[in-house]
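J.: In numbering that gives the first Met the number 0, the protein residues as written are 0 to 149. Every residue, glycine too, gets a C-beta built ideally from N, C-alpha and C. Quick caveat: nothing in here was measured; it's all calculated off a predicted structure. Submitted below is the structure of interest, expressed as structure tokens.
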Amino acid sequence: MAERITVTLHELVAELDIYADAHLREHHGVSYNLFELLATLAETAPIDITGLARCLRVTKAAVSKRVPALVADGWITADGGEGRRIVLGLTPRGADLVRIAGGELEAEFAGMLAEMRNGPASAGDPIDDGALNAHLARLTDIVISKGRSL
Numbered sequence: 000m001a002e003r004i005t006v007t008l009h010e011l012v013a014e015l016d017i018y019a020d021a022h023l024r025e026h027h028g029v030s031y032n033l034f035e036l037l038a039t040l041a042e043t044a045p046i047d048i049t050g051l052a053r054c055l056r057v058t059k060a061a062v063s064k065r066v067p068a069l070v071a072d073g074w075i076t077a078d079g080g081e082g083r084r085i086v087l088g089l090t091p092r093g094a095d096l097v098r099i100a101g102g103e104l105e106a107e108f109a110g111m112l113a114e115m116r117n118g119p120a121s122a123g124d125p126i127d128d129g130a131l132n133a134h135l136a137r138l139t140d141i142v143i144s145k146g147r148s149l
């Protein structure tokens, strides 16, 4: 592990993504990339392609390119909005995957935090899941706010 918190956070997120991808492929036959798109859509729908791309931190073209296959596979809906806008939503199949697989991933990660709580005293202070999430969410908000002022 790195000594710099910024590097450690990147390493942690990368390893969480790798773990989630392996779990989702083994248990649900889907990639983390697909799950992330569906989970983001579950939290933001109805949303247009531009908005979803912004949430996923990818280009509009990257999302547009995936929409036809996701509709054909029964994961999402794509309906015409105002003008040329295409408004996206989840199908019941997509919502079920987010609910079931998302619950499994949450349980897996909570178990990892429990391992830290139940580990040797030298591992440091016990971790409170809710407090950690609140701190990380607040830090994310601060970084977003500072980034907008650049």
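Would L135 be called buried (16 or more neighbouring beta carbons within 10 Å of its own) or exposed?
T.: Exposed, because fewer than 16 other Cβ atoms sit within 10 Å of the Cβ of L135.
J.: Report back the beta-carbon spacing between S30 and I48 to the nearest angstrom; my notes put them in contact at under 8 angstroms.
T.: Between I48 and S30 the Cβ distance is about 20 angstroms, and since that is not below 8 angstroms, they are no contact.
J.: Do the CB positions of R92 and G73 come within less than 8 angstroms of each other?
T.: Yes. Within cutoff.
J.: Using the Cα positions of A113 and E107, report the straight-line distance between them to the nearest angstrom.
T.: Cα to Cα, the separation comes out at about 10 angstroms.
J.: Determine the extent of the alpha helix (DSSP H) in which T76 is found, giving its start and end residues.
T.: First-last for T76: 75 to 79, but that is the beta strand (DSSP E), not the alpha helix (DSSP H).
J.: Per DSSP, what are the beta-bridge partners of D47 in this structure?
T.: Partner(s): V86.
J.: Using a 10 Å radius around the Cβ and a threshold of 16 neighbouring Cβ atoms, would you call L8 buried or exposed?
T.: Looking at its Cβ environment, which holds fewer than 16 other Cβ atoms inside 10 Å, L8 is exposed.
J.: Output needed for L15: all residues of its chain with C-beta closer than 8 angstroms, excluding positions within five of it in sequence on either side, in chain order.
T.: Counting only Cβ-Cβ distances below 8 angstroms, and skipping sequence neighbours, we find F108.
J.: Terminal residues of the continuous alpha helix (DSSP H) containing T5?
T.: Element bounds for T5: 4 to 27.
J.: For R56, report the span of its alpha helix (DSSP H) as first-last.
T.: Where R56 is concerned, there is no enclosing alpha helix (DSSP H), given that its DSSP letter is neither H nor E.
J.: Taking only heavy atoms of the ligand GTP into account, decide whether any of them is closer than 7 angstroms to the Cβ of P91.
T.: Among the ligands in the structure shown, none appear at all, so the ligand GTP cannot be discussed.
J.: Can you tell me which of G80, A21, L149, L96 puts its alpha carbon nearest to the alpha carbon of I46?
T.: Selected option, being the one with the closest Cα: G80.
J.: How would you label L37, buried or exposed, when you count the other beta carbons within 10 angstroms and need 16 or more for buried?
T.: Result: buried.
J.: DSSP three-state label for N132, please.
T.: Reduced to three states, the DSSP call for N132 is helix.
J.: Note down the Cα distance separating V57 from G50, rounded to an integer number of angstroms.
T.: Cα to Cα, the separation comes out at about 10 angstroms.
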